[in-house]
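As structure tokens, the structure follows; a few thoughts come after it.
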Amino acid sequence: MARKRRTSQGNNSMQTAFIRFMLVVAFFIFWIGAVSVRLVHLQVNEHSKWKSKSEAQSTYSIVTKSLRGSVYDRNGSVLAMSVRVKSLAADPGLVENVAGLSSEVSKITGKKASRISSQINEGKLAGRKFVWLARELTDEQVEKVKKRVFENKDDSNGDLALGVRWIGEQKRDYPNGTLAAHVIGFSNSDDVGQAGIEKSQESFLKAERLRMVRERDREGRVLSETAVERTPSKDVVLTLSKEIQHITERALVRAVKTTNAKAGKAIVMDPATGEILAMANYPTFDPSEFRKLKPGVWRNSAVQDQYAPGSVFKLVTYGAALEEGKIKPEDEIECGEGQITVGGYTFNDSHAVGRVSYIEAMAESSNVGAIKTAMDLGKDTFYSYAREFGFGKRTGVGLPSEGTGILRAPERWRGTDLASMSIGYGIDVTALQTVLAFATIANDGVQVNPQIVKEVRQDGKLAEDFESESRRVVKAETARSLKKMLKQVVLDGTAKRARLNGYTSAGKTGTAWKYDKEIGTINRKKYVSSFVGFAPADDPAVVIAIVVDEPKGAMRAGGQVAAPAFKEIAENVLPALKVAPDGVFEKDFPKDPPKKEKKEPKDSTLTEKAKAPKKKNKADVKKTKKPEKKKPKKVRKTPKELNAMGVERMRLNKTTKQALRI
736 MARKRRTSQG
746 NNSMQTAFIR
756 FMLVVAFFIF
766 WIGAVSVRLV
776 HLQVNEHSKW
786 KSKSEAQSTY
796 SIVTKSLRGS
806 VYDRNGSVLA
816 MSVRVKSLAA
826 DPGLVENVAG
836 LSSEVSKITG
846 KKASRISSQI
856 NEGKLAGRKF
866 VWLARELTDE
876 QVEKVKKRVF
886 ENKDDSNGDL
896 ALGVRWIGEQ
906 KRDYPNGTLA
916 AHVIGFSNSD
926 DVGQAGIEKS
936 QESFLKAERL
946 RMVRERDREG
956 RVLSETAVER
966 TPSKDVVLTL
976 SKEIQHITER
986 ALVRAVKTTN
996 AKAGKAIVMD
1006 PATGEILAMA
1016 NYPTFDPSEF
1026 RKLKPGVWRN
1036 SAVQDQYAPG
1046 SVFKLVTYGA
1056 ALEEGKIKPE
1066 DEIECGEGQI
1076 TVGGYTFNDS
1086 HAVGRVSYIE
1096 AMAESSNVGA
1106 IKTAMDLGKD
1116 TFYSYAREFG
1126 FGKRTGVGLP
1136 SEGTGILRAP
1146 ERWRGTDLAS
1156 MSIGYGIDVT
1166 ALQTVLAFAT
1176 IANDGVQVNP
1186 QIVKEVRQDG
1196 KLAEDFESES
1206 RRVVKAETAR
1216 SLKKMLKQVV
1226 LDGTAKRARL
1236 NGYTSAGKTG
1246 TAWKYDKEIG
1256 TINRKKYVSS
1266 FVGFAPADDP
1276 AVVIAIVVDE
1286 PKGAMRAGGQ
1296 VAAPAFKEIA
1306 ENVLPALKVA
1316 PDGVFEKDFP
1326 KDPPKKEKKE
1336 PKDSTLTEKA
1346 KAPKKKNKAD
1356 VKKTKKPEKK
1366 KPKKVRKTPK
1376 ELNAMGVERM
1386 RLNKTTKQAL
1396 RI
């Protein structure tokens, strides 16, 4: 029995072992099958996927940046360009000798050592891997860093070069210093335009990005290199002339300094093409020193800032009347004793001109003549022509933050607004808008949009050029009539100082009180003096606008302050443009009658009572009509004397201190 029991147990053990063996065999068969299936799947179905991944491990791409595009003047002179420079950076965590490194970099660059060490220590605490130590080093500074940082092995406090490395960058260079700075603008350390052309033309100028694909072997050696993506930078060519810009800036600086003015701006334009040949602002700045600039210093006042134009705006008044057939240059207008009351306010001329032609009214800058002309036109017609001449809207010149000026719609006008606007108050303009309006007349009534970018080039080849749009504003006959009137302003009016040696000229002076935000009205102690004109008078090659802000002293009229700057610019620019002389020379100018020595007359319309902030009542208004207001006549100068002086002023009646509030 025992023997049978042992035999039975042995059989069971053999069966169990066999089952286990079969299970192991089955597992191996299943595993081999699964691996085979997977291998087939990888080799057949996912062959492309894994091939590309394999290639990716042996190839890599790098992105490099070329130099930012250059800016040129119309004749190919460089105004802005980029150069390769080295900058110094560090991994804060690897720097051992913070104090020593900071001290050496400070001595070389002039940057405070405390600031450098703070940057490094703050980077350590924050766990940053990168901080700038100094950027855009000169060649001399680079050599000093090499010797005193990278080759200095004597410092017992640790290796100065540990964690420090060079970074290749590019630096924007402006080879002409402050020349045309407000037009060109500047770009920052990251090569992004921040102002002027550098900003408005960023899409063309921005540095080229080039992605390269490199293939390498298992040991990391480069086998091949292929460019697969390219966004090239381009060069921008401006309409500016470096020579004319120099001439304009020199004359503007002289005008501002000789009159102790706050600031000034000037524009020179070709009326036939709309091309800006020069655009200047003073004070100016050096775009290479952009880090040191105070905010707003780079503001292009000639395009952005707005001001009351004064009598310069009479161009619109008389231009509209001529176009509408309301007047002819030789027709006469009664200006009487030089006073006119509109909406309860009395406007005055600087002197009584009596009955004169419209040519004389323009030459003498009669406010009464301009106001009467505008009243005959009506506010809707006047407004329409102001818009047609380009006021109250941007010109589209292609510079950032261009101002629109202020020209309110007629439904928002008050009783005196038409009268005020006809003589250049109650409206704000930009210098560019005024030069464009005069260019319209210079170009026989056709307005060509102003242009500052001439073309874009890439690799020396033309990539894009720009043409200005044009439209007719007034008839050619109207433009010629207005030219005739503007010529008289220079020959025998308020702008005798704009007479040119060898060339004829035409234009209009403007002298306006400034609006003062602090007192909420015009400030009679602050002026904007201007002159806008063109030459030669009958076939103009250039239109020039000069605006001087807050001249101080006895000379403050546009004919005294701005007209001489026009003369200096025109007499230098016209020969540079090879324009043939068409007029008399200075030695043949008609002699003005000798001036009598007289004290400058007091403002007959501004008594102490009128200047007080007290509000006027009806009784006060009636007092202005009393005969005694004519007393100042005994000290008034004759029209000839005023013409000789080039004086142009607008005065208010004692009861109308707020007549020209804007």
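Numbering (our numbering), first residue to last: 736 to 1397. Cβ atoms here follow ideal geometry from the backbone N, Cα and C, with glycine treated the same way. Computed from a predicted structure; not experimentally measured.
{"Item": "CB contact flag (residue 823, residue 1300, <8 Å)", "Value": "no"}
{"Item": "C-beta atoms of residue 923 and residue 1286 nearer than 8 Å", "Value": "no"}
{"Item": "Sub-8 Å separation of residue 695 and residue 1061 beta-carbons", "Value": "Any answer about residue 695 is impossible in this case: the structure gives the chain only from 736 up to 1397."}
{"Item": "6 Å CB neighbourhood of residue 750 in its chain, flanking five on each side removed", "Value": "none"}
{"Item": "7 Å Cβ shell around residue 819 - same chain, five flanking residues per side excluded", "Value": "903, 905"}
{"Item": "Option in 937, 1010, 1107, 1125 with minimal Cα separation from residue 1154", "Value": "1107"}
{"Item": "Proximity below 8 Å, CB of residue 1239 to CB of residue 1318", "Value": "yes"}
{"Item": "Residue 1036 burial status per 10 Å Cβ neighbour count (16 or more: buried)", "Value": "buried"}
{"Item": "Minimum C-alpha distance to residue 1123 - residue among 1093, 1043, 1205, 1197", "Value": "1205"}
{"Item": "Where residue 1382 sits in the DSSP three-state scheme", "Value": "Model confidence at residue 1382 stands at a pLDDT of 35, short of 50, so the residue's coordinates are unreliable; what they give is reported in the following sentence. Coil, per DSSP."}
{"Item": "Secondary structure of residue 1120, DSSP reduced to three states", "Value": "helix"}
{"Item": "Assigned secondary structure, residue 765 (DSSP; H/G/I helix, E/B strand, else coil)", "Value": "helix"}
{"Item": "Collapsed DSSP secondary structure at residue 752 in the structure displayed", "Value": "helix"}
{"Item": "Identity of the residue in 1025, 1055, 869 nearest residue 1216 by Cα", "Value": "1055"}
{"Item": "Candidates 880, 896, 1073, 800, of which the one nearest residue 842 by Cα", "Value": "880"}
{"Item": "Classification of residue 1136 by the beta-carbon crowding that lies within 10 angstroms, buried from 16 upward", "Value": "exposed"}
{"Item": "CB-CB length for residue 1011 against residue 1176, believed under 8 Å", "Value": "At roughly 18 Å, the Cβ-Cβ gap does not stay under 8 Å, so residue 1011 and residue 1176 are not in contact."}
{"Item": "Closest residue to residue 1275 among 1289, 1218, 925 (Cα-Cα distance)", "Value": "1218"}
{"Item": "Cross-strand partners of residue 1014 (DSSP beta bridge)", "Value": "1002"}
{"Item": "Continuous beta strand (DSSP E) stretch holding residue 1264: start and end", "Value": "1256-1270"}
{"Item": "Residue 1195 versus residue 999 - alpha carbon distance", "Value": "37 Å"}
{"Item": "Contact between the stretch 979-993 and the stretch 909-919 (3+ Cβ pairs under 8 Å)", "Value": "yes"}
{"Item": "Alpha carbon of residue 682 to alpha carbon of residue 1094, nearest angstrom", "Value": "Shown here, the chain extends from 736 to 1397; a query on residue 682 therefore has no answer."}
{"Item": "Cβ pair residue 908, residue 812 closer than 8 Å", "Value": "no"}
{"Item": "Rounded separation between residue 878 and residue 1015 - CA only", "Value": "39 Å"}
{"Item": "Where residue 1126 falls: helix, strand or coil (DSSP)", "Value": "coil"}
{"Item": "Buried versus exposed call for residue 1026 [16 or more other C-beta atoms within 10 Å across all chains shown]", "Value": "exposed"}
{"Item": "Short CB-CB distance (under 8 Å) between residue 824 and chain C", "Value": "Here there is only one protein chain, and chain C is not present."}
{"Item": "Best match in 1079, 1080, 1075 for proximity to residue 1088 [C-alpha to C-alpha]", "Value": "1075"}
{"Item": "Cβ-Cβ distance between residue 1282 and residue 1272 below 8 Å", "Value": "no"}
{"Item": "Spatial neighbours of residue 1167 in its chain, beta-carbon cut-off 7 Å, leaving aside the 5 residues before and after", "Value": "1002, 1037, 1038, 1130, 1132, 1185"}
{"Item": "Counted within 10 angstroms of its Cβ, other Cβ atoms place residue 836 as buried (16 or more) or exposed", "Value": "buried"}
{"Item": "Proximity below 8 Å, CB of residue 1232 to CB of residue 1294", "Value": "yes"}
{"Item": "Cross-strand partners of residue 867 (DSSP beta bridge)", "Value": "824"}
{"Item": "Between the CA atoms of residue 1139 and residue 1402 - distance to the nearest angstrom", "Value": "Only positions 736 to 1397 of the chain appear in the structure, and residue 1402 is not among them; the question remains open."}
{"Item": "Proximity below 8 Å, CB of residue 863 to CB of residue 968", "Value": "no"}
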